[in-house]
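When the count follows the working numbering, it moves up by one through the sequence shown with no breaks and lands on 484 for the last residue.
Working notes, beginning with the structure itself.
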Amino acid sequence: MKKVGVAILGLGVVGGGTYKILTEKRDFYKKNHGVDIIVESVLELRKERALALGIDEQKIASNIAEVCSNPEVDIVVEVMGGVDPAKKYVLAALNAGKSVVTSNKELFCKYSHELEKAAKKNNCGLFFEASCVGGVPVIRSLLDNLQGNKITSLLGIINGTTNYILTKMSDGGASYGDVLKEAQSLGYAEANPTADVEGYDAAYKLSILSSLAFHTKIPFEKIYREGITAIDSLDISYGKRLGYTLKLIALGKNTENGIEVRVHPAFIKNSHPLASVNDSYNAVFITGDCVEDVMLYGRGAGALPTGSAIVGDIIYCATHDNFNYSAFKNTPNADPDTKFVSNFKSAYYIRLVARDKAGVLSKVSAVLGKNSISLSQVIQENAEEENGGVPLVLVSHETSEKHILKAVEEINAIDKFAKVQSVIRVVT
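Listed below in structure tokens is the structure:
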């Protein structure tokens, strides 16, 4: 039976979960996959954490050189997160001839070209299923099962923290700030939640997924990004009345005009499968020219779901002799021949407070019409808000981003007329 030695860099939530899976299911993998996977080394500066997991003290490395020089280690698992020192450690492992499995979406998004170059040079495997959407096998699906398709679009809820926050705001009408504090107390959000709530985490993942889906490098810098910090529970409430659910979405489209990639809050029709993806769950809705629509759904984070993806990559690496790399030119920047769409099209939800109730809808409609914007839904309230304004909620048909921005600017420029409070895109 083939013996495979594994080293784990970092024993945090994911690293600890990975160790638990590998040790508890060792006999299962021997029986069903014909490989004996043994954790031969761990790199964890807090030795007491490793000892608490039952790891032999002799297997606790104090630096990356010990891991790389260990002849019993075949695969290095990096679950440290961030770029520094993770990048240095992964490159050291690859240059030592060790295959690497990583869950590090920021590292892979920004430096996959460097990591892949080292992997090719040393004939090593480089696996990253756990970098996107936790335990949901979306990367393996794009790399293998869906290769017979031209992927035309992918639409996903790929950040569990923001999905939890928006779900709780929708269910209870609580404010963003209150729900964020709750999420932090439960461990769903970090003490510094910026990466999640400002959309960075989702944008890293979208860069990876869209590059695979569209067979060209999609750098992080090409992705339009907007977080959820400005979301008002009042807009979620109006969205419900209109038949929509609010989500932080990651969207990629491969169109005749170019590639469109963006992360931002958006209303989704309640009839869409993604509308029912709640709490910390994630899902990716993929459209291919042959398969049509496919949705992958599951836990987007957590020790065991993410550990499941890592172990899946370990087994795949252990049972395959030939390693595959990117099917596109993996460079730091986008291919010069790849076109990107910045003035994308969408439907839009617009909430205004009208300063002058009489004829305000007709005046707003005139501004919108001037900018080639037509309306599909309208809510015009009679009751005044505390500041004396009257709420007016509009949903447009599909139009361009530039038209909406210009119309909003013109509406806000008219003194004592109406003030735009929020603009949220609508996925149609």
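All C-beta atoms in this analysis are idealised placements derived from N, C-alpha and C, irrespective of residue type, glycine included.
Let's test the definition: count the other Cβ atoms within 10 Å of the Cβ of residue i and tell me whether it reaches 16, buried, or not, exposed.
i	result
L67	buried
F184	buried
D377	exposed
P249	buried
C346	exposed
G363	buried
L242	exposed
T74	buried
F323	buried
E504	This structure leaves residue 504 out entirely; the chain is present only between 57 and 484.
F164	buried
K458	exposed
N338	buried
G228	exposed
R318	buried
Y85	buried
L107	exposed
R297	exposed
Considering only the alpha carbon of each residue, which of the options lies closest to residue i?
i	options	result
F400	F183, K385 and T455	T455
V476	S226, I460, D377 and T484	I460
E348	V235, I207 and I111	I207
V340	G415, V189 and L199	V189
T301	D234, V123, Q203 and S332	S332
V98	I64, I435 and H320	I64
Y404	A422, N427, R481 and E170	R481
L330	A469, G344, Y260 and G354	G354
E41	I195, A117, D83 and T285	It is not possible to answer for residue 41, since the shown part of the chain is limited to 57 through 484.
L391	D140, V139, S267 and K154	Residue 391 is actually Asp in this sequence, not Leu. The option with the nearest alpha carbon to D391 is S267.
Q240	N427, G216, A258 and H169	G216
V434	P447, T272 and V423	P447
V464	T311, E282 and V420	V420
N160	L78, I77 and S168	S168
L101	N178, E162, I429 and E113	E113
L182	K395, A374 and K426	A374
F473	N438, I429, E437 and L417	L417
N179	D227, V194 and N151	N151
V132	V156, I305 and D291	V156
H320	I467, H453 and N219	N219
K261	V194, E246 and G295	V194
D92	P141, L198, V69 and M57	M57
L44	N334, I370 and K143	Because the chain spans 57 through 484 in this model, residue 44 falls outside it and cannot be assessed.
T285	L236, E80, G344 and E246	L236
E282	L210, S428, L307 and G356	L307
I120	D140, V139 and A149	A149
L202	E466, V449, V350 and E246	V350
Identify the continuous beta strand (DSSP E) that holds residue i and give its terminal residues.
i	result
Q436	L431 to Q436
Q114	No beta strand (DSSP E) holds Q114; DSSP gives it neither H nor E.
R102	Segment: none, R102 is in no beta strand (DSSP E) and carries neither H nor E.
M225	Looking at the DSSP string, M225 is not in any beta strand (DSSP E); the run it does join, the alpha helix (DSSP H), is G216 to G228.
E348	E348 to R355
In terms of residue numbering, what span does the alpha helix (DSSP H) encompassing residue i cover?
i	result
R318	Counting along the chain, R318 falls outside any alpha helix (DSSP H), though it belongs to the beta strand (DSSP E) covering G314 to K325.
G144	Reading off the sequence, residue 144 comes out as Lys, not Gly. Run containing K144: A142 to N151, per the alpha helix (DSSP H) assignment.
Y337	Segment Y337 to G344 is the beta strand (DSSP E) holding Y337; no alpha helix (DSSP H) there.
A474	Unbroken run through A474 is the beta strand (DSSP E), A474 to V483; no alpha helix (DSSP H).
V420	V416 to K426
S452	Premise fails: S452 lies in the beta strand (DSSP E), V446 to S452, not in any alpha helix (DSSP H).
L290	S289 to L298
P361	A359 to A374
Y75	V69 to E80
A121	I120 to C124
Could you pull the DSSP bridge partners for residue i from this structure?
i	result
V397	BP columns for V397 are empty, so no partner.
V494	Any question about residue 494 goes unanswered here, given that the chain covers just 57 to 484.
K303	A322
D92	K59
V333	None; V333 has no bridge partner.
L461	Paired residue(s): none; L461 is not in a bridge.
I470	I470 is not bridged to any residue.
G308	L210 and V317
T455	S402
R493	For the chain, the structure presents residues 57 to 484; residue 493 sits outside this window and is missing.
V98	I64 and I116
If we cut at 7 Å on Cβ distances, does residue i have a partner in chain B?
i	result
I111	In the structure shown, chain B does not exist; there is a single protein chain.
Measuring only from the beta carbon, is residue i closer than 6 Å to any heavy atom that is part of the ligand MN?
i	result
E80	Inclusion of the ligand MN in the displayed structure is not the case, the ligand content being empty and no account of it being possible.
request  = Write down every uninterrupted run of the alpha helix (DSSP H) in the region 165–207 whose length is 4 residues or greater and which is fully enclosed by it, in chain order.
outcome  = If only uninterrupted alpha helix (DSSP H) runs of at least 4 residues are considered, none is enclosed by the region 165–207.
query = If you scan the region 232–292 from start to end, which runs of the alpha helix (DSSP H) of 4 or more residues do you find wholly inside it?
reply = The qualifying runs are 232–241, 250–253 and 256–270.
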